[in-house]
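Please read the structure below before turning to the comments.
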């Protein structure tokens, strides 16, 4: 419960609802990690952040998995970067749906990323040079394995919940199948049990833009002192179109002209062009091209039903978790129908599952945005998890 | 009516239903054409083809307008290129919906194209060097002006119909507004009264892929002996995704793997990747990059309601034609809702209009494909036009 607000300044209020200043942690794993491609990565580092406190019986840990261009920096800010706010800061913090006054939250940067965990820009121990395009192509399952090892290091035998949106949701779903006893709740938001041909097509065009950029140099651009910015830029622009809904784009940009008149040239006429190019330029400044390739491949490959002849019900048969599945009405990248597939397979398995389809205009991006109904669904679900933790711990005390 | 078929071989049958061997014609226009961008093109050539015969009172002429990557070669084959079949050969020919035994059909290559009419690869009379990116940015209305001049040359005061799909449909619609007395029927297929923000976004990403290809050289790649193939390839791949429906792509390609196994690399895993790359490669071999820029801009700029404060009803108020509007259920590029906008504006103006929404799985591309219901709609509509021509001509004889 909040204290009386009368004497609080708004900046105080703001800092109250944020985890505040955080610092990334890291762990080096010296044991090789066997990978789905048949090889192994010899040793690697995972960068992560934690918020809140692990309780005595270690029953309040929540793992937050990230999507394409995000990282371990889920909430809060860095001391020297007060504007670098975590990507899910509206979801995670004191008094927020995933309440860090109650839960111990972990954000982990996936292997192959460009935000600290071992990735293509790091030296390949065999050659001493950056991995580049020779960094192993990883899968969602590989990430989950590596995350489970981090959980071991942190002494977490079982997560209260594993949660993610989009590609993060795939990781949560994979957790429920790969480590059924290590996850009590699985929260899958704006995700899909597998990419459609159209999803793959968009990913492949984006990859082709990068792979054919002369500055890509077969992935070894680090040695050439260049970055395949043109390819990254186009890739991000394509991606961005699929993150927004048609209606949202129409509403936000419509056919608004930057100057009010057609320019009869190939500069910027429409505001939507300005917006997309800005997004592309920004992305090309900070994102690694090899990481983009890796992450889109992990998306394409995710298909847990594949080894069960396409039977998702069979794939989910050994899960033990309870599930919250959430989708957004205008998400055309991973439409509600894709969540229904997961839902049906869980119901077939008689799993406890809650499904929330949020009427929201913001397309796929909605999972990152503020929306009272969405936030309330998550808050209520986490309240339930918390009550279970309290009850279990009281039973433990009484016993 | 077809003759008895017993003794006809299938190849004979095929040749019967085709206009057969055709040859392109051309006309040089020495008068400058004023353009919407405020300049003029000094002189220019239009390449065109005709099928069937113009009747005595010149009342049976139909103009077929082309979309992005098509041309004047609407039907038939060339003597030296027997496999180069016109892009709408299933629609136009003897006994076909647009029956060349009855109608005189004209296909014209738009200005700025790369298939014969004056375009960016031709010499700028001012410099003697190819226009390149300095070819004027044209609009749908500019094309219609140039087509009207060709009609003058051919002695056609009024078209029985002007017809087109997609961008071709925009030209037909523009004809009905710009030359209301010169067009008795306006046939607009799989089109839209204006592009949405999402449509523009896809076009702009495609343009950015071309503009940032180092081989583009600011549009002067001709002088460098190179072609910005990488950019064209990515542009075409993006376009192609928007031409197919999500369901159709799922049906045709799904997640089918080329080798049955994941390759864990960045070559081809999925059949959809193979298909798209093939389409991209093929396109980059024959299409001109400057033309691609021009044509996508013409698409973006088309918005006849703009000078009427966004009021499409007002924009269509001076039309005199009768209309056939056709859309396809799974077209998400120019969805049926976009045709409804045209329909509503025509109904508001009390125009005679028939609307057909075809339940077809093939997305935007459906307008080019064989579909019995679609073809029957067009056949029936043209039969009606033909009956009117016969009645008018009989009245003329009786008078």
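Chains as they are written, first to last, in this note's numbering: chain A, 170 to 568; chain B, 170 to 568. Each residue gets a CB set at the ideal place from its N, CA and C atoms; glycine is no exception.
Query raised in the report: If you check the beta carbons only, do residue 277/B and residue 241/B fall under 8 Å apart?
Result: yes
Requested in this report: Consult DSSP for residue 250/A and reduce its assignment to one of helix, strand or coil.
Outcome: strand
Query raised in the report: When the distance is taken between beta carbons, is residue 492/A closer than 8 Å to residue 283/A?
Result: no
Report task. Could you say if the segment 456-464 of chain A and the segment 282-296 of chain A meet the contact criterion of at least three C-beta pairs nearer than 8 Å? Result -> yes
Query raised in the report: Roughly how many angstroms lie between the CA atoms of residue 397/B and residue 213/B, to the nearest whole one?
Result: 26 Å
**Report entry** Assigned exposure category for residue 340/A - 16 Cβ within 10 Å defines buried
**Finding:** buried
Query raised in the report: Alpha carbon to alpha carbon, what distance is there between residue 310/B and residue 418/A?
Result: 27 Å
Report task. Taking all protein chains shown into account, decide if residue 259/A is buried (16 or more other Cβ within 10 angstroms of its Cβ) or exposed. Result -> buried
Query raised in the report: Quick one: Cα of residue 358/B to Cα of residue 497/B, how far?
Result: 9 Å
Query raised in the report: In chain B, what lies closer than 9 Å to residue 294/A by C-beta?
Result: Residues of chain B passing the Cβ test: none, with the nearest at roughly 20 Å.
Query raised in the report: So which of 436/B, 326/B, 412/B, 489/B has the shortest CA-CA distance to residue 225/B?
Result: 326/B
Query raised in the report: Shorter than 8 Å from the beta carbon of residue 365/A to some beta carbon of chain B?
Result: yes
Query raised in the report: What are the start and end residues of the alpha helix (DSSP H) that includes residue 214/B?
Result: Here residue 214/B belongs to no alpha helix (DSSP H); instead the beta strand (DSSP E) covers 213-220.
Report task. Under 9 Å between beta-carbons, which chain B residues line up against residue 260/A? List them in chain order, please. Result -> Simply none; closest approach about 28 Å.
Query - residue 562/B in three-state terms, based on DSSP - result: helix
Query - Of the listed residues 363/B, 402/B, 392/B, 425/B, nearest to residue 382/B (C-alpha basis) - result: 402/B
**Report entry** Alpha-carbon spacing of residue 160/A relative to residue 563/A, whole angstroms
**Finding:** In the structure displayed, chain A extends from 170 to 568; residue 160/A sits before or after that span and is not available.
Query raised in the report: Are the beta-carbon atoms belonging to residue 306/B and residue 466/B less than 8 Å from one another?
Result: yes
Query raised in the report: Terminal residues of the continuous alpha helix (DSSP H) containing residue 513/B?
Result: 505-517
Requested in this report: Examine chain A for any beta-carbon lying closer than 8 Å to the beta-carbon of residue 374/B, and answer yes or no.
Outcome: yes
Query raised in the report: If you draw a straight line from the alpha carbon of residue 200/A to that of residue 335/A, how long is it in whole angstroms?
Result: 30 Å
Query raised in the report: Hey, is the segment 446-456 of chain B in contact with the segment 384-396 of chain A, meaning 3+ C-beta pairs nearer than 8 Å?
Result: no
**Report entry** Interface flag, residue 175/B vs chain A, CB-CB below 8 Å
**Finding:** Confidence at residue 175/B is low in this model, with a pLDDT of 39, below 50, so its placement is unreliable and the value that follows should be read with caution. No, its Cβ sits nowhere closer than 8 Å to a Cβ of chain A.
Report task. Could you list the residues in the segment 316-344 of chain A with a C-beta less than 8 Å from some C-beta on chain B, going in chain order? Result -> none
Query - Where residue 306/A meets chain B, residues with beta-carbon distance less than 9 Å - result: 431, 432, 433, 434, 435
Requested in this report: Measuring alpha carbon to alpha carbon, tell me which of 204/A, 475/A, 254/A, 316/A ends up nearest residue 197/A.
Outcome: 316/A
Query raised in the report: Where DSSP assigns a beta bridge to residue 355/A, which residues make up the other side?
Result: 331/A, 492/A
Query - Outcome for residue 502/B when other beta-carbon atoms lying within 10 angstroms are tallied against a minimum of 16 - result: buried
Query raised in the report: Do residue 542/A and residue 527/A have their CB atoms nearer than 8 Å?
Result: yes
Query raised in the report: Does DSSP classify residue 528/B as helix, strand or coil?
Result: coil
Report task. Taking residue 474/B and residue 481/B to be in contact with their CB atoms under 8 Å, please state how far apart those CB atoms are, rounded to whole angstroms. Result -> 4 Å
Query raised in the report: With a CB to CB cut of under 7 Å and the five nearest residues on each side skipped, what residues in its chain are close to residue 510/A?
Result: 362, 481
Query raised in the report: Can you name the residues of chain B whose CB is closer than 9 Å to the CB of residue 470/A?
Result: 431, 433, 438
Query raised in the report: Got a sec? Which residues, its chain only, sit under 6 Å from residue 505/A by beta carbon, not counting five neighbours each side?
Result: 496, 526
Query - Extent of the continuous alpha helix (DSSP H) to which residue 275/A belongs - result: Run containing residue 275/A: none in the alpha helix (DSSP H); it sits in the beta strand (DSSP E), 273-277.
Query - Collapsed DSSP secondary structure at residue 379/B in the structure displayed - result: helix
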